[in-house]
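Following: one structure in structure tokens, then a few remarks.
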Amino acid sequence: TTQRPLGASPRALRQLRERRSLGSAMNLRKHFDAATALFNEIEESHLDSNDPAILAKVDEGIVHLEACADLVRTLAVFSANEELEDINTGDIKYILVPYYLGELVLRQVDHDRRVEHLRRSKALLEEFLDRLLAVRAVEDKEHAQLTASVAQGAVVGREERIARIKQEREVREKLKAAAERLARRERPADDHEELDEEDRDHAVLWLHTAKFGAVDTLASANQELEMLLAVEKMRGEGKGHLLDQQPEPAPAPLQTVHIPPPTNRQAYDEVRARQGFVVRCAAF
2 TTQRPLGASP RALRQLRERR SLGSAMNLRK HFDAATALFN EIEESHLDSN DPAILAKVDE
62 GIVHLEACAD LVRTLAVFSA NEELEDINTG DIKYILVPYY LGELVLRQVD HDRRVEHLRR
122 SKALLEEFLD RLLAVRAVED KEHAQLTASV AQGAVVGREE RIARIKQERE VREKLKAAAE
182 RLARRERPAD DHEELDEEDR DHAVLWLHTA KFGAVDTLAS ANQELEMLLA VEKMRGEGKG
242 HLLDQQPEPA PAPLQTVHIP PPTNRQAYDE VRARQGFVVR CAAF
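For the sequence shown, this note's numbering assigns the number 2 to the initial residue and increments by one for each residue that follows.
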């Protein structure tokens, strides 16, 4: 990143960026659009996560997102001191690059490198949450709450989980409505038109939807990493035979779970909270 020039206004910064290489900016947009399209295909697929077709899309998405990260740095898309209101509307979505990269890294299947992938995913998702704070997309209090939610993981109480699920659902519904409005709107052929307030609202909602997915994935990654490191420690201490001698746990008895109809929102949210239901952030 680059420091904001002394005395430079947000407008001057935007004009400076508009003079940067158009070809590189177009490549950045193409890489990002390709990556988010692949992410959606993975999320919506009914194939197993180990399926070669899914793993190929994961690898391809990672390649696109790593290219995005390089271009964001090369083009100095973000300045160290700017806040969300200073960032070009069309650039806001690139704050999501570490989020999507962290999600896809965690979907890689390589048991010998699982700890490495978990650590990299955690670093990327934490970078995303910290970036939200840096640009003031979230305030200090909310950032602290998000961090606390990651640390608590599955220990979060039922009422708190229900409240967070409701908040997440409201943001997702707003994002969906904003995306539908943009899809219905007639746009001129010129892709470089000045983006209006609707585009900006959509981009900001996209950030707020992703923060919920980042918290859930971080909490899950922390638990898995802690378990794997404990296993590595036992094997290093020569206690691996104790792990190998552990009998296969008996499968938990099947339970009938009543899923209320969507119209009964309170009951529906309670069921989701009991199950620790996680909804990923699809790209809109």
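Every residue, glycine too, gets a C-beta built ideally from N, C-alpha and C.
**Asked** Between which two residues does the alpha helix (DSSP H) harbouring residue 132 extend?
**Response** 115-135
**Asked** Taking the alpha helix (DSSP H) that residue 206 falls in, what are its first and last residues?
**Response** 198-237
**Message:** By the three-class DSSP mapping on this structure, what secondary structure does residue 80 have?
**Reply:** strand
**Asked** Which residue's Cα is closest to the Cα of residue 233: 85, 110 and 114?
**Response** 114
**Prompt:** residue 91 lies in the alpha helix (DSSP H); which residues open and close that run?
**Reply:** No alpha helix (DSSP H) contains residue 91, which DSSP labels as neither H nor E.
**Item:** Short Cβ contact (9 Å threshold) for residue 204 with residue 103
**Value:** no
**Prompt:** With distances taken from CA atoms, which of 199, 85, 151 and 117 is nearest residue 219?
**Reply:** 151
**Message:** Tell me which residue opens and which closes the alpha helix (DSSP H) that residue 55 is part of.
**Reply:** 53-75
**Item:** Residues near residue 93 in its chain [Cβ-Cβ closer than 6 Å; skip 5 each side]
**Value:** 204
**Request:** Drop a sphere of 10 angstroms on the beta-carbon of residue 131, count the other beta-carbons inside from all chains shown, and report buried for 16 or more, exposed for fewer.
**Result:** exposed
**Asked** According to the neighbour-count rule (16 or more other Cβ atoms, all chains shown, within 10 Å of its Cβ), is residue 74 buried or exposed?
**Response** exposed
**Prompt:** Is residue 186 helix, strand or coil by DSSP?
**Reply:** coil
**Request:** Compute the beta-carbon to beta-carbon distance between residue 43 and residue 55, rounded to the nearest angstrom, for a pair I have assumed lies under 8 Å.
**Result:** 6 Å
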